[in-house]
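Everything below concerns the one structure shown next.
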Amino acid sequence: MERYNTRTASNFPGLVFDCAEEAQSGYKHIDTAYNYHTEKYVGNAVRESGIPREELFITTKLPWHHYARVAESFQESLDALGLGYIDLYLIHWPQPILYDPNDPLPKNPDGTPKTTNYPFTKIWADMERLLDTGKVRAIGVSNFSIKNLEILLESAKVVPAVNQVELHPYLAQPELVDYCKQKGIAITAYTPTGYQTVRDDPVIVELASKYRVSPAQVILAWHMSRGVIVTPKSANAERQRENINVSFLHFPINSFDVLFLASTAATCPGACRSSAYISS
Ligand SMILES: NC(=O)c1ccc[n+]([C@@H]2O[C@H](COP(=O)([O-])OP(=O)(O)OC[C@H]3O[C@@H](n4cnc5c(N)ncnc54)[C@H](OP(=O)(O)O)[C@@H]3O)[C@@H](O)[C@H]2O)c1
Numbered sequence: 010m011e012r013y014n015t016r017t018a019s020n021f022p023g024l025v026f027d028c029a030e031e032a033q034s035g036y037k038h039i040d041t042a043y044n045y046h047t048e049k050y051v052g053n054a055v056r057e058s059g060i061p062r063e064e065l066f067i068t069t070k071l072p073w074h075h076y077a078r079v080a081e082s083f084q085e086s087l088d089a090l091g092l093g094y095i096d097l098y099l100i101h102w103p104q105p106i107l108y109d110p111n112d113p114l115p116k117n118p119d120g121t122p123k124t125t126n127y128p129f130t131k132i133w134a135d136m137e138r139l140l141d142t143g144k145v146r147a148i149g150v151s152n153f154s155i156k157n158l159e160i161l162l163e164s165a166k167v168v169p170a171v172n173q174v175e176l177h178p179y180l181a182q183p184e185l186v187d188y189c190k191q192k193g194i195a196i197t198a199y200t201p202t203g204y205q206t207v208r209d210d211p212v213i214v215e216l217a218s219k220y221r222v223s224p225a226q227v228i229l230a231w232h233m234s235r236g237v238i239v240t241p242k243s244a245n246a247e248r249q250r251e252n253i254n255v256s257f258l259h260f261p262i263n264s265f266d267v268l269f270l271a272s273t274a275a276t277c278p279g280a281c282r283s284s285a286y287i288s289s
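For the sequence shown, this note's numbering gives the first residue as 10, with consecutive numbering after it.
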């Protein structure tokens, strides 16, 4: 069985099987990206699952160094997936990284990424042109702050369908969630269950115990109560089932109030990876 490295460099045996199993257990939305090097495996998994393509929703992303080759990069992702079309294509990150065909993340001598000031409004115009090909159903962004969305919307012909950002109870981002709702931009939470520190939060653990569910389920239900789409990831079949079985849970709203208060009061424990874009 093939092995592959995840974005976080952990080595997995048989994504194909895991992913097909996820689809069989009811997952319909698969989130991948050019930069994760998993598109080919996602395509294989979808074909292996036997689930009709049109019943699945596939998201992939333009990498940060492909700012000036949107059409080419999109085609590369489309070919790697081999699924005919892409449901949602996102700009992975608003800050483009200098293009080097041999290095997706070239760095300065001080270790910081080599960025360029190529405007993301130009990237977005190229993303909009992709819609004319009929090979992508919707386009959106990822890791965009309110400030960057404001800049984008000034010249955008198409409002991004989605903004995918890091969101969990230690990074609740209520202003961004409200802003996106007002503009008709759906929010997708990445790292939705937070990190172990978030899943170990005493308020979350107490709620989980009270409702006889897991901390991750409490957190995922909290996202859903806010109207946020979630992309939980697990390599474990039991936790995959756990994470999809949250829609059947009903929490009294007071519990969410408690959780929300706890979350907004909590400080990101040095674990949130996306702080760079939140203030930019
Ligand atoms: N747009 C972006 O810039 C961006 C950035 C990061 C991630 N993402 C997307 O978001 C997806 C999820 O992000 P993520 O992996 O950072 O966050 P996550 O799904 O919240 O966390 C994954 C981690 O939590 C564990 N976990 C999952 N479900 C659990 C449960 N029920 N109980 C206990 N532990 C559980 C997993 O371990 P096990 O595997 O052992 O269960 C894994 O270590 C990624 O796969 C990627 O598609 C997007």
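Ideal placement from N, C-alpha and C gives every residue a C-beta, glycine not left out.
Just so we're clear, the structure is a prediction, and the values are computed from it rather than from any experiment.
Check	Outcome
Spatial distance of Tyr-36 from Thr-240 (CA atoms)	10 Å
Three-pair Cβ contact test at 8 Å for the stretch 194-208 versus the stretch 166-176	yes
Residues near Arg-235 in its chain [Cβ-Cβ closer than 7 Å; skip 5 each side]	Val-186
Beta-carbon gap between Lys-144 and Leu-87 smaller than 7 Å	yes
Exposed unless 16 or more other CB atoms sit within 10 angstroms - verdict on Ala-225	buried
Length-filtered (4 minimum) alpha helix (DSSP H) runs lying within the stretch 70-145	79-90, 129-139
Spatial distance of Trp-73 from Ala-244 (CA atoms)	26 Å
Assigned secondary structure, Ile-196 (DSSP; H/G/I helix, E/B strand, else coil)	strand
Those runs of the alpha helix (DSSP H) which lie wholly inside the stretch 164-189 and span at least 4 residues	none
As assigned by DSSP and simplified to three states, the class of Met-233	helix
Cβ-based neighbour list, Phe-265, same chain, cut-off 7 Å, excluding 5 preceding and 5 following	Trp-231, Ser-234
Buried versus exposed, by CB contacts within 10 Å (16 or more), Val-167	exposed
Three or more C-beta pairs below 8 Å linking the stretch 210-229 and the stretch 111-127	no
DSSP beta-bridge partners of Ser-264	In DSSP, Ser-264 forms no bridge with anything.
Extent of the continuous alpha helix (DSSP H) run through Ile-39	Taken as a continuous stretch (DSSP letters only), Ile-39 belongs to no alpha helix (DSSP H), being part of the beta strand (DSSP E) at 38-40.
Cα-Cα separation, Glu-247 to Ile-253	10 Å
Three-way DSSP call (helix, strand, coil) for Thr-206 in this model	helix
Check: Glu-251 C-beta below 6 Å from any heavy atom of ligand 1	yes
Ile-148 versus Ala-170: straight-line alpha-carbon distance, rounded	6 Å
Of the residues His-75, Pro-61, Asn-263, the one placed nearest Leu-99, counting alpha carbons only	His-75
His-101 beta carbon less than 7 Å from that of Leu-140	no
Residue span of the alpha helix (DSSP H) that contains Tyr-50, given as start and end	48-58
Beta bridge counterpart(s) of Val-1 as assigned by DSSP	Residue 1 lies beyond the stretch modelled for the chain, which goes from 10 to 289, so this question has no answer here.
Residue interval of the alpha helix (DSSP H) (run including Asn-252)	246-253
Delimiting residues of the alpha helix (DSSP H) encompassing Ser-218	211-220
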